[in-house]
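Participant:
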Amino acid sequence: MGDALAAHLQALERALHGPAVRGDVAQLAAPLDDDFREIGSSGACFDRATALAEIPRERAQVEIVSSDYAVVLLAPTLAQVRYRSWYVIEGVRQREVLRSSLWRLHGEAWRVVFHQGTPAAP
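Each residue of the sequence shown is one higher than the last, beginning at 68 in this note's numbering.
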């Protein structure tokens, strides 16, 4: 896989962390595949409709920072993005979460089809 694709997928993932995207249902919906599913770091499971309802509600409460990205092309139209993230509340880093997303190519656009967050060991 090329560096350009890895950088593009990382940028798409980071965009999903930003309050502008998280707070706007239309912007949030665009990269979420119709088959999107999530296993959240809380252990709760979400489908696309639930994610589109819940994520905008939490955007004002948390900032998300992330690092240690790894991108692996699993098939010509499927890639996995792995990284670490933290919620930041009032300038203080909260719990660390290990994250994994599966991105699927639709035409010329990559869309996230699955995401999982797992709390990191202390």
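All C-beta atoms, glycine included, are put in the ideal place defined by N, C-alpha and C. These numbers come from a predicted model, not from an experiment.
Are the CB atoms of ASP102 and VAL180 nearer to each other than 7 Å?
Facilitator: yes
Participant: Output the boundary residues of the beta strand (DSSP E) element that contains GLU175.
Facilitator: Unbroken run through GLU175: none, as it is neither H nor E.
Participant: Would a C-beta distance cut-off of 7 Å place VAL164 and SER108 closer than the cut-off?
Facilitator: yes
Participant: Determine contact between the stretch 133-145 and the stretch 77-85, defined as no fewer than three beta-carbon pairs at a distance below 8 Å.
Facilitator: yes
Participant: Closest Cβ-Cβ distance between GLU157 and chain D: below 7 Å?
Facilitator: The structure shown contains no chain D; it holds only a single protein chain.
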